[in-house]
Each structure stands twice: as structure tokens, then as C-alpha cells.
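To keep things clear, I will list the structure first and then write my remarks on it.
Number of protein chains: 2
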Amino acid sequence: MSEETVTSRRKVLGWTGAGVVVAATAAGGAVAAVRSGDDVQPAGAAGAAVAFHGANQAGITTPVQDRLHFASFDVKTEDREELVALLKEWTDAARKMTQGRPVGEGAVGGLAEAPPDDTGEALGLPSSRLTLTIGFGPSLFTTKDGGDRFGLKAHRPEALVDLPKFPGDALDPNRSGGDLCIQACADDPQVAVHAIRNLARIGFGKVAMRWSQLGFGKTSSTTPEEQTPRNLMGFKDGTHNVAGSDRAAQDKHVWVSAKDGPSWMAGGSYLVARRIRMHIETWDRTPLREQEEIFGRTKGEGAPIGRQREHDAPDFKAMLPDAHVRLAHPDNSGVTILRRGYSFTDGTDGLGRLDAGLFFIAYQRDVRDGFVPLQMRLAKLDSLNEYIQHVGSAVYAVPPGVRDEDDWWGRELFQNH
Amino acid sequence: MSEETVTSRRKVLGWTGAGVVVAATAAGGAVAAVRSGDDVQPAGAAGAAVAFHGANQAGITTPVQDRLHFASFDVKTEDREELVALLKEWTDAARKMTQGRPVGEGAVGGLAEAPPDDTGEALGLPSSRLTLTIGFGPSLFTTKDGGDRFGLKAHRPEALVDLPKFPGDALDPNRSGGDLCIQACADDPQVAVHAIRNLARIGFGKVAMRWSQLGFGKTSSTTPEEQTPRNLMGFKDGTHNVAGSDRAAQDKHVWVSAKDGPSWMAGGSYLVARRIRMHIETWDRTPLREQEEIFGRTKGEGAPIGRQREHDAPDFKAMLPDAHVRLAHPDNSGVTILRRGYSFTDGTDGLGRLDAGLFFIAYQRDVRDGFVPLQMRLAKLDSLNEYIQHVGSAVYAVPPGVRDEDDWWGRELFQNH
Ligand code: HEM
Ligand code: HEM
Chain A
1 MSEETVTSRR KVLGWTGAGV VVAATAAGGA VAAVRSGDDV QPAGAAGAAV AFHGANQAGI
61 TTPVQDRLHF ASFDVKTEDR EELVALLKEW TDAARKMTQG RPVGEGAVGG LAEAPPDDTG
121 EALGLPSSRL TLTIGFGPSL FTTKDGGDRF GLKAHRPEAL VDLPKFPGDA LDPNRSGGDL
181 CIQACADDPQ VAVHAIRNLA RIGFGKVAMR WSQLGFGKTS STTPEEQTPR NLMGFKDGTH
241 NVAGSDRAAQ DKHVWVSAKD GPSWMAGGSY LVARRIRMHI ETWDRTPLRE QEEIFGRTKG
301 EGAPIGRQRE HDAPDFKAML PDAHVRLAHP DNSGVTILRR GYSFTDGTDG LGRLDAGLFF
361 IAYQRDVRDG FVPLQMRLAK LDSLNEYIQH VGSAVYAVPP GVRDEDDWWG RELFQNH
Chain B
1 MSEETVTSRR KVLGWTGAGV VVAATAAGGA VAAVRSGDDV QPAGAAGAAV AFHGANQAGI
61 TTPVQDRLHF ASFDVKTEDR EELVALLKEW TDAARKMTQG RPVGEGAVGG LAEAPPDDTG
121 EALGLPSSRL TLTIGFGPSL FTTKDGGDRF GLKAHRPEAL VDLPKFPGDA LDPNRSGGDL
181 CIQACADDPQ VAVHAIRNLA RIGFGKVAMR WSQLGFGKTS STTPEEQTPR NLMGFKDGTH
241 NVAGSDRAAQ DKHVWVSAKD GPSWMAGGSY LVARRIRMHI ETWDRTPLRE QEEIFGRTKG
301 EGAPIGRQRE HDAPDFKAML PDAHVRLAHP DNSGVTILRR GYSFTDGTDG LGRLDAGLFF
361 IAYQRDVRDG FVPLQMRLAK LDSLNEYIQH VGSAVYAVPP GVRDEDDWWG RELFQNH
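Residue numbers (full-length UniProt numbering), protein chains in the order written: chain A, 1 to 417; chain B, 1 to 417.
As C-alpha cells, then:
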């Protein structure tokens with residue numbers, strides 16, 4: 001097809017090249033750019049897209065966005081170079097999308113005779129504080145029979161353990177595991193869904209989506225100065241968490257340090273994801289007092305039992321011994337993790353009940369000192385267990401951030417080994 | 001338990017009775033009230049909750065909210081009086097929730113020894129323009145073998161037909177039908193999910209949820225002056241629709257008139273819901289030009305082929321004969337419906353593909369002159385069919401609005417017959 005044909009086709013199709021003009025005063029005050037057919041338009045003083053480049057990946061200590069689309073992929077190609085090429089292509093697309101730009105030449109910027117580079121449903125939408133965070137699962141490093149898929153076996157971090165079976169686990173293999181994950185968080189779900197879908201599309205033939213999870217409401221906070229969101233049990237969730245501003249706590253509990261090893265993980269973290277179903281109907285028939293005793297916090301204010309305000313220091317002696325907060329608090333468990341979960345509702349379960357609950361996400365410096373001992377304790381003792389069931393599970397090594405335009409996801413892992 | 005015990009318990013639990021104070025400057029500028037433990041707090045000049053009382057139900061011509069939670073219920077009780085009591089209770093709860101108030105005494109306002117009246121996850125959230133719209137399915141009036149369940153058989157509207165089988169239909173019975181439906185629309189999905197869940201809870205034992213659908217992004221508009229949203233195929237959707245301000249078109253095409261009959265439906269409408277799966281992976285490999293020819297509109301601007309701007313009048317001769325818009329346009333189909341659909345993404349389908357598409361919702365004065373002939377035409381001819389499949393289906397009679405504090409959903413149907 002000649003250039004001329006394309007041009008005249010554009011004319012026929014009524015293309016004006018005018019792009020898309022949008023009122024960009026969006027909610028949340030965090031908008032830097034608006035996708036358009038041709039390019040990005042500054043959105044005035046409304047706020048900023050979340051930076052993609054940095055020593056750590058965004059989406060971990062970033063102030064928690066409202067919505068989530070989380071996807072787990074299996075790698076289908078057996079060719080290491082093809083996988084590396086995909087990671088580079090993904091990085092490039094993520095760099096653009098997080099800044100409110102379309103993939104490649106966009107949804108309408110390319111040739112009329114070719115499929116568009118971008119699927120287009122985020123055209124005209126602001127960046128919505130989109131972050132894209134990648135993780136590498138244990139199965140990327142080691143096959144089930146101990147084999148080496150991509151020459152990475154020797155570089156699997158010790159901290160990236162296969163999670164043990166916890167008491168009460170009822171895991172669905174179709175909602176568990178995966179070689180790679182992408183966590184997409186944004187204030188607009190359309191932007192998060194668009195990002196995952198475009199990455200899946202770029203990966204077509206090389207990776208296949210294993211499972212994905214939409215989270216419609218955040219259940220955590222890294223900004224204690226803001227209103228704490230509520231989970232589907234009606235309680236404030238995220239009150240006591242690692243704050244985005246607390247770099248000291250992050251260095252201690254979230255970020256892998258250079259001396260932790262392996263070196264390619266310095267500045268990275270470990271992600272545990274658990275799909276936790278809530279027995280909502282049973283919970284809803286539980287007296288208020290019992291609900292509060294189960295968590296060790298009041299429902300309205302979210303104050304520790306026996307205290308007045310949400311952020312008052314807890315009085316553990318006023319709580320029942322098997323209260324969730326008492327068991328989970330660092331003073332008692334010895335564990336600090338950064339929680340970043342979302343509520344989900346995925347239709348009904350065939351028994352007339354909502355399939356709803358918490359898609360739990362935690363970041364930590366070492367899974368062995370983080371989620372594993374804490375969940376072992378909770379799975380054994382927590383009075384909340386009567387009302388929940390863990391039905392999906394995954395763990396990933398989250399590499400450090402992409403430094404600059406030339407860097408790409410996983411470079412430290414693949415380039416040096 | 002004595003009043004005293006409750007009071008002292010409250011003290012132990014740290015209740016201050018201070019309620020929840022929230023910054024109520026929310027997105028969309030449409031917020032009247034903020035749920036709190038005790039009562040409702042005015043949210044200043046930020047906007048208004050959508051009125052619940054009126055001649056027609058809200059949620060039809062109401063400016064389309066961002067998110068959807070749609071639930072279909074089977075009635076389990078065989079007792080008509082119990083069903084009527086439920087409808088009254090539901091109305092009362094809907095009246096409160098749509099105005100930003102909790103159900104009953106709220107999540108923390110009741111007795112500590114009793115389950116709270118409200119599940120609490122919307123505590124502190126503004127009304128978010130929540131609308132709750134009820135519909136009655138054919139099976140409420142007539143059983144499969146032609147029986148009469150609740151003495152309503154004679155009052156089934158002729159316009160509430162069982163939908164015929166359309167070419168290409170691949171309907172899942174578990175995502176189709178239902179005796180009752182509730183459409184919950186709100187700008188915050190947490191508010192929509194909260195509303196459905198609390199209605200389900202109130203109905204426990206009398207109704208059971210048959211299926212439910214979350215819609216994360218609107219794909220229609222009743223406000224042509226605002227930015228048109230995009231569907232998951234990347235096209236603007238809702239450009240040419242019945243406008244919320246066009247009362248004449250609504251009276252002609254959406255609202256049942258007194259002389260249409262039956263009398264209990266005057267001021268009501270008929271709702272068709274279709275879960276339409278998109279073959280996203282195939283679509284994403286289709287050239288831009290072909291995509292535009294399929295719809296008969298450009299992707300960037302959304303202009304009719306051969307025209308310049310989105311709202312320019314279409315030139316059907318410039319479109320292919322099987323273009324979606326050409327086939328569906330009232331000038332050519334003779335049909336006008338009000339579309340109010342949402343995009344969905346429900347994880348993956350077991351084949352590595354997103355289970356995603358359009359949850360199509362249409363309102364019309366008579367299904368026989370609305371969805372049925374139009375979909376018959378589209379199912380036969382539409383070039384879009386290669387990329388979509390209808391997998392769920394339901395139809396409901398949507399009664400008129402609740403007039404005042406004493407009125408309730410379905411009163412005209414149940415009280416007069
Ligand atoms: C559906 C399941 C769960 C629900 C509904 C839930 C809910 C809550 C709530 C309401 C709080 C109190 C507010 C706050 O400080 O954020 C809390 C605290 C906490 N939860 Fe959970 N949680 C769940 C599962 C888990 C799991 C699986 C873990 C880790 C293995 C966990 C770890 C924690 C920690 C560390 C705290 C903070 C305790 C403190 O420092 O005071 N939670 N959770
Ligand atoms: C996944 C399936 C569908 C997709 C992606 C889709 C998409 C679109 C798009 C992009 C437009 C043009 C913009 C606009 O005017 O809103 C449109 C118009 C329209 N569609 Fe669909 N549609 C779908 C299914 C249906 C169905 C099932 C019906 C009815 C049976 C329908 C009826 C209409 C009507 C009436 C118009 C307006 C035509 C006009 O007056 O110009 N659509 N649709």
C-alpha cells in the first residue's frame with residue numbers, strides 16, 4: 001500500500017488530525033497528561049503522573065490508587081532472547097502508558113491498513129496516576145522438576161521461597177502462581193484495564209495470561225494523613241501500615257538492600273498476593289460487638305479497642321488474644337509488611353452468594369521474615385478465619401526500578417547472568 | 001441484655017458517638033450527603049444526590065454514572081405477602097442509600113449485641129450519584145409451565161416478551177434471566193457494590209442472587225454535551241443516544257404511557273440486558289481502517305465516516321452496508337432505544353484470554369418495537385458479529401418511580417391486583 005493511499009484513506013475517514021481535546025480537571029488532583037491520537041497534552045496544574053523512572057518501582061510506596069487490575073502470566077516462549085525482547089518492549093509501553101501516552105503510534109496514529117499500536121480505550125483519559133509494577137515468580141527461575149528454563153536458576157533469590165501450605169488454605173491453581181505478574185493501579189479502572197490489556201497484546205504468543213483480578217476499591221493506605229478506606233467487612237483497613245513518607249521503615253522492611261543479595265534485587269521487593277474470599281453472609285449476621293472484637297478495633301472510628309481515635313496507640317490488653325490486629329501488630333508478631341490490597345466482587349458463586357473479598361497484596365524485604373511467619377500465625381490463631389478463606393496465592397520477586405530511558409524491566413537479572 | 005450493658009460496652013469499645021467526618025469535595029461535583037455512623041452530613045455546595053422519588057425511576061435518563069453493579073435475583077419465597085414486605089423494605093433501604101444514608105440505624109448506630117443494619121463499607125463515602133433501579137422479569141409473572149406464582153399472571157405486560165433466540169446467541173443460563181433485577185449505578189463502585197450487597201442481605205431467605213455483573217466503565221452517554229466514553233474496542237460509544245434532556249424523545253421511545261397499558265406500568269420502561277463478550281485478541285489484530293468500517297465511525301474523533309466531527313449527521317452512503325451504525329441508526333432501523341451499557345473484565349477464560357466485553361443495557365417503551373427487531377437485524381447483518389458473542393440475556397419490566405415516602409417499588413402492580 002502506498003503512502004498516498006493511506007493519506008487519502010485518512011481523508012475519506014474524516015481524519016482531521018486535531019486529536020482529542022478533553023477537560024482535564026480530574027478527581028484526585030493527579031493528572032499530568034491526556035492521551036490523544038497524536039500526542040500528549042499537558043493538563044495544567046491539576047497534578048502529576050507518577051514517575052516511571054527511579055531506584056525502586058512505582059506502585060509500592062506510591063500513595064495507593066483507587067483501582068487495581070492485576071495479571072499473572074505464564075511464559076510460553078522457550079527462547080531467552082525473545083523473553084528479553086518482550087521485557088524491553090513492555091518497559092517501553094509501560095513508560096508511555098504511565099505518563100498518559102498511548103503505546104507506539106497510538107490508536108489512530110499509525111497506518112490505516114495496520115492494526116493500531118494502542119487499543120484506544122484510554123484515549124482522552126488522563127494518566128490517572130497509573131503505575132505498572134512487574135514481578136518474577138519462582139517458576140521463571142526453576143521448573144517443577146528442578147530444571148533451568150532460562151539460565152536463571154542460580155539467580156533465584158533465596159528470599160523468593162515457594163509459599164508453604166498454611167492451615168485453612170483452599171487454593172485454586174487457576175488463580176495461583178504464574179511466571180510473571182503485572183500490578184496495574186490507577187484511579188480510573190479503565191486506565192488500569194487498558195494497560196494490562198495492551199501489555200497482554202504485546203506479549204501475544206510469548207506469554208499467556210494465567211489469571212487476572214480486578215480490584216474495585218483500595219483497602220489500604222500509605223498516606224496516614226488521608227481518609228482510610230474500608231474493606232468489605234465495613235472496617236477501616238490500612239490504618240497501621242508502612243507510610244509512603246517513612247523511608248527509614250521502607251529501607252528496613254520493604255526494599256531489598258545491596259547486602260541482602262542477590263545483587264540484581266537491590267532496590268527491589270517481594271510481593272505476596274492472596275485472593276481471600278469473605279463469607280459475607282455469615283459476617284453480616286455477626287453482632288457488631290463480636291465484629292469489633294475480632295479485629296480489635298471499633299467499626300465506626302477504627303480506634304483500637306479501649307482507645308478513642310483511629311491513630312491512637314493500641315492497648316493490646318483490652319483486645320481478645322485472638323484479635324486480628326493484636327496478632328498482626330509488629331509489636332506482637334515481630335513482622336512489618338507493607339499492605340496494598342483491594343476489594344473484589346466477581347459475580348456470584350452458583351449458590352446465590354457474592355464471590356467477594358479481599359485481594360491481599362503485601363510487599364516486604366524478605367518473604368521468609370514477612371508474610372510467611374505472619375500468615376502462619378494468623379492462619380492458626382486469628383478469630384477472623386471463621387469468616388474468610390484463602391483461595392488464590394502467588395509470590396514474586398519485584399526487581400528494582402527502571403533507571404532511565406535506556407533501562408528495562410529485569411535488566412540487572414538478565415544482562416549480568 | 002440491658003440498656004446499661006450496651007452503654008458500658010460502647011464505652012469499652014471506645015465509641016465516642018462522634019461519627020465520621022469526611023472531606024466531601026468529591027469528583028463529579030454531585031455529592032449531597034456523606035454517610036456517617038449517626039446521620040448524614042451536608043456536603044456543602046459540591047452537588048446533589050440523585051432524587052429517589054419521582055414519576056419515573058432514576059438510573060434510566062439520569063446522566064450515566066461511571067460504574068455499575070447489576071444483580072439478578074430469583075424469588076425463593078412462595079408467599080406473596082412476604083414478597084411485598086421485601087419490596088417495601090428494599091424501597092426503604094434504596095431511598096436511604098441513594099441519598100447517602102446508611103440502611104436502618106447504620107453500621108454502628110444499633111445495639112452492639114446485634115448485627116449492624118448496614119454493612120458499613122460505604123461509611124464516610126458520599127452518595128456518588130447512586131441510583132437503584134428495579135425490574136420484574138417474565139418469570140415473576142408466569143412459571144415455565146404457564147403457572148401463576150403470585151397471582152400476577154394476568155398482569156404481565158404484553159410488551160414483556162420472552163426474548164427470541166437470535167442468530168449467534170450462545171447464552172449461559174447462569175448469566176441469564178431472573179425474577180427481579182436491581183441496577184446500581186454510581187460514580188464510586190464501592191457505593192454500588194455496597195447497595196447491592198445490602199439489598200441482598202435484606203432479602204436473605206426470600207430471594208437469592210442468580211447472577212451479578214460489575215461494570216467498570218460506562219460505554220454510553222445521556223449527556224451529549226459531555227465527553228463520550230470509549231468501549232473496550234477503543235471507540236466512542238454513546239454518541240447518538242436518547243439524551244437525558246430530551247423529554248419528547250423519552251416519551252416517544254423510553255417511557256410507557258398510560259394508554260400503552262397495563263396501567264401499573266405507566267411511567268415505567270423495559271430493560272434488556274445482554275452480556276456481550278468481545279473477542280478482544282482478534283479485534284486487536286484488525287487494521288484500523290477495517291475497525292472504522294465495521295462501526296461506520298472514525299476511531300479518534302468518533303465522526304461518521306466521511307464527516308469531520310463526532311456529532312455531525314451521518315452519511316450512510318459513505319458507510320459499508322453492514323456497518324454497525326448504519327444498521328442501527330433509527331433512520332435505517334426504525335428503532336430508537338436508550339443505551340446505558342458498561343464495560344466489564346471478569347478475569348480470564350482459561351485459554352489465556354481476558355473475559356471482557358460490553359454489558360449492554362437498553363431501555364425502551366416496548367421490547368417488541370425496540371431491542372427485538374433491532375437485534376434481529378444486527379444479529380443477521382452486522383459486520384461486528386465476527387468480534388462479539390452474546391453470552392447472557394435478560395429482560396425486565398421496570399415499574400414507574402416511587403412517588404413519595406409512603407410509596408414502594410411495585411405498589412401499582414401488587415396493590416391493585
Ligand atoms: C480478608 C482478610 C483480611 C481482612 C478483612 C483484614 C482486615 C484488617 C483490618 C480491618 C485491620 C485493622 C486496620 C489496619 O491497621 O489496617 C488489619 C490490620 C492488619 N492486618 Fe489484616 N486483614 C486481612 C488479612 C490479613 C492478612 C492475610 C495479613 C498478613 C498475613 C494481614 C496483616 C495485617 C497487619 C500487619 C495489620 C496491621 C496490624 C497493626 O499493626 O496494627 N491481614 N487487617
Ligand atoms: C459489543 C457490542 C457492541 C458494541 C461494541 C457497540 C458499539 C457501538 C458504537 C461504537 C456505536 C457508535 C457510537 C454511538 O452512536 O454510540 C454504536 C452505536 C449504536 N449501537 Fe452499538 N454496539 C454494540 C452492540 C449493540 C447492540 C446489541 C445494539 C442493539 C441491539 C446496539 C445498538 C446501537 C445503536 C442504536 C447505536 C446508535 C446508532 C445511531 O443512531 O447512530 N449496539 N454502537
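Every residue, glycine too, gets a C-beta built ideally from N, C-alpha and C. Just so it is clear, the structure is predicted and the values come from calculations on it, not from any experiment.
Distance cut-off 6 Å: residue i Cβ against heavy atoms of ligand 2
i, result
"residue 319(B)", "no"
"residue 329(B)", "yes"
"residue 378(B)", "yes"
"residue 235(B)", "yes"
"residue 196(A)", "no"
"residue 361(B)", "no"
"residue 242(B)", "no"
"residue 325(B)", "yes"
"residue 295(B)", "yes"
heavy atom of ligand 1 below 6 Å from residue i C-beta
i, result
"residue 239(A)", "yes"
"residue 231(A)", "yes"
"residue 358(A)", "yes"
"residue 375(A)", "yes"
"residue 84(B)", "no"
Simplified DSSP assignment, three categories, for residue i
i, result
"residue 130(A)", "coil"
"residue 250(A)", "helix"
"residue 304(B)", "strand"
"residue 209(B)", "strand"
"residue 144(A)", "coil"
"residue 228(A)", "coil"
"residue 299(A)", "coil"
"residue 318(B)", "helix"
"residue 65(A)", "coil"
"residue 389(B)", "strand"
"residue 218(A)", "strand"
"residue 402(B)", "strand"
"residue 285(B)", "coil"
"residue 324(B)", "helix"
"residue 339(A)", "strand"
"residue 74(A)", "strand"
"residue 242(B)", "coil"
N- and C-terminal bounds of the beta strand (DSSP E) containing residue i
i, result
"residue 255(A)", "Element bounds for residue 255(A): n/a, residue is neither H nor E."
"residue 354(B)", "354 to 364"
"residue 278(A)", "269 to 278"
"residue 155(A)", "Looking at the DSSP string, residue 155(A) is not in any beta strand (DSSP E), and its letter there is neither H nor E."
"residue 235(A)", "Segment: none, residue 235(A) is in no beta strand (DSSP E) and carries neither H nor E."
"residue 346(A)", "342 to 348"
"residue 180(B)", "180 to 186"
Contact test: residue i Cβ vs ligand 3 heavy atom, cutoff 6 Å
i, result
"residue 210(A)", "Among the ligands present in this structure, namely ligand 1 and ligand 2, ligand 3 is not found."
Buried or exposed (CB count within 10 angstroms, at least 16 for buried), residue i
i, result
"residue 148(B)", "exposed"
"residue 416(A)", "exposed"
"residue 91(B)", "buried"
"residue 308(A)", "exposed"
"residue 409(A)", "buried"
"residue 331(A)", "exposed"
"residue 401(B)", "buried"
"residue 412(A)", "buried"
Host alpha helix (DSSP H) of residue i (start-end)
i, result
"residue 194(B)", "189 to 202"
"residue 85(B)", "80 to 98"
Beta carbon proximity, residue i to chain E, threshold 7 Å
i, result
"residue 299(B)", "In the structure shown, chain E does not exist; the protein chains are A and B."
Would you call the segment 148 to 163 of chain A in contact with the segment 100 to 116 of chain A, where contact means no fewer than 3 C-beta pairs closer than 8 Å? With a cut-off of 8 Å, the segment 100 to 116 of chain A and the segment 148 to 163 of chain A do not count as touching, because too few Cβ pairs lie within range.
Would you call the segment 245 to 264 of chain A and the segment 199 to 208 of chain A in contact, with 3 or more CB pairs under 8 Å? When C-beta atoms of the segment 245 to 264 of chain A are compared with those of the segment 199 to 208 of chain A, fewer than three pairs fall below 8 Å, so the two segments do not count as touching.
Sufficient close CB pairs (3 or more, under 8 Å) joining the segment 318 to 326 of chain A to the segment 205 to 224 of chain A: Counting C-beta pairs with one atom in each stretch, the segment 318 to 326 of chain A and the segment 205 to 224 of chain A have fewer than three that are closer than 8 Å, which means they do not touch.
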